[in-house]
Every structure is written in C-alpha cells, then in structure tokens.
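Numbering (the working numbering), first residue to last: 44 to 211.
In structure tokens:
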C-alpha cells in the first residue's frame, strides 16, 4: 500500500514537471514565432520573463528596428501566461525610446480573464495605441515594467500591425 502511494506521488510530480517543461517550450516557440517578422506584416519583439515572479526590478527590454517612417500602425502588448483560473488585474509602465533618444511613457491597466481550464499557456493581446507612426529610421527600445509582482507570466512583447481603417 505504501509503495502504491509513493508511486502516485512520483507520477503526479512527473506530470507537473512535464507540464512545466511543455509550458516553457511553448513560450519559447511563441517568442520565436513572434520575432520572425519576415513571415507577416507585423513588427514585433518578445522576451522571456520569470514565471515565478516578474517584478519592477527586472524590466523587459525589447528592441525593434524601424525603416518605415510613413505607415500608421496599431501597437499592442502581448503576454504569454499560464491559463487563468480567476480573472486578475495587471498594470504596466511602458517606456518607448526612439533612435534619437526621444522618450514616451504609457501606463496600461488590464484584466487577464479566466481561460479554459484545459489550456496550459495562453496568449493575451492588449491594445496599447492606435495610429502610431514611428517617424525615425533605426532601433526603437521598449522597456516594460510591471507595477507589482506578477506570477505565471512567461514572456512579454510588443507588436505593431498595419493600422485598422477608421470609419469617418
């Protein structure tokens, strides 16, 4: 009987470890797909953060090279995170820096909604700005800082897509 209990504990530990590995693998794959801009009209960058507790002492630093100074784009923040059992509030400060050093700062408050319980990793796209024009050629830098410690966030990124047509 004791042997059966021990095996059950090892089995659940193995499953937990396998889920953790699968989550890390999926996060890395998501980062790879998000950063392969040549496959889509998107410009994006993403970095992994600590799923055990991402806080303000570890800003996510992203870089995006721009050579299109005319197009309007919509900017979003992308989060890859463990599926939510309950909705929760999250807040970020996003600092953008142009190639010439001009800085702009935004605060984003959002709610991560409860997901399907069967999903291991979820992607949440949080719209940040619409009709953005990156007016300089060169490397833009983005620093994303959570306002409080966030658990179960695997990666964070920025994504620029062609602006949606507006109704006038």
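Glycine is no exception: its CB is placed at the ideal position from the N, C-alpha and C atoms.
As the structure is a computational prediction, the values presented were derived from the model and not from experiment.
C-alpha distance - residue i paired with residue j, whole-angstrom precision
| i | j | result |
| --- | --- | --- |
| residue 188 | residue 95 | 16 Å |
| residue 116 | residue 173 | 6 Å |
| residue 205 | residue 85 | 7 Å |
| residue 114 | residue 178 | 9 Å |
| residue 198 | residue 145 | 26 Å |
| residue 139 | residue 155 | 23 Å |
| residue 89 | residue 201 | 7 Å |
Counterpart residues of residue i in DSSP-defined beta bridges
| i | result |
| --- | --- |
| residue 170 | 119 |
| residue 202 | 87, 119 |
| residue 187 | 103, 137 |
Assigned exposure category for residue i - 16 Cβ within 10 Å defines buried
| i | result |
| --- | --- |
| residue 123 | buried |
| residue 108 | exposed |
| residue 134 | exposed |
| residue 168 | exposed |
Reduced DSSP secondary structure (H/G/I, E/B, other) of residue i
| i | result |
| --- | --- |
| residue 151 | strand |
| residue 102 | coil |
| residue 113 | coil |
| residue 130 | coil |
| residue 164 | strand |
| residue 196 | strand |
| residue 138 | strand |
| residue 107 | strand |
| residue 175 | strand |
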